[in-house]
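**Student:** Could you have a look at this structure, given as structure tokens, before my questions?
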Amino acid sequence: MSILRKLTLIAGLSVFSLSASAEVAVIVAASSGASPDKGAVANIFLGKDKSLKPIDQKSWTPAKDAFYSNVVGKNEAQLKSYWSGLVFTGKGTPPKSVDSDAAVVGEVAGSGEAIGYVDSAAVNDSVKVLFTLP
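Count the sequence shown with mature numbering (1 follows the signal peptide of the UniProt record, and there is no 0) and you get residues -22 to -1, 1 to 112, in order.
Here's what the structure looks like:
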């Protein structure tokens, strides 16, 4: 196979893999009147704004990475350090965390006061999407 064909194949596969990645949806209950913007959502997940109860994901999934990178501006190590400091000083506790997108949707849908993020494929009629992240 020629170099040009290999490069064309690689470029084509790269474009396909980018388009196959899912969006992340920031959600509240369908009945919720809350509509915080991106900055307010960051403050909610950092414990600085108590207007909504954040529901986090336990594992560092692609959705969690996209959410914390794009909304909160922290990677996994920075987030762990942030919460370690607050917990150690007694000034805060991290958000409740659950095992899956379905669990986040369930928690958020069951409470008019909760907010979470999930892969957009997990969204259903029980929740309202505030905004999505690529």
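We treat Cβ as the ideally placed atom computed from N, Cα and C, and that holds for glycine.
Predicted model, so just to flag it, every value in this text is computed and none were measured.
Since Asp77 and Ala100 are thought to touch, with beta carbons under 8 Å apart, how far apart are those beta carbons, to the nearest angstrom?
**Tutor:** About 13 Å separates the two Cβ atoms, so there is no contact after all.
**Student:** With a 10 Å radius around its C-beta and 16 neighbouring C-beta atoms as the bar for buried, classify Asp15 as buried or exposed.
**Tutor:** Answer is exposed; the Cβ neighbour count stays below 16.
**Student:** Would you mind stating whether Pro111 and Val2 have Cβ atoms separated by less than 7 Å?
**Tutor:** As written in the sequence, residue 111 is Leu, which differs from the Pro given in the question. Their beta carbons are under 7 Å apart, which means Leu111 touches Val2 by this criterion.
**Student:** What is the residue span of the alpha helix (DSSP H) that Thr39 lies within?
**Tutor:** Run containing Thr39: none; DSSP gives neither H nor E here.
**Student:** Considering only their Cβ atoms, is the gap separating Val19 from Val49 smaller than 7 Å?
**Tutor:** A contact, by the Cβ cut-off of 7 Å.
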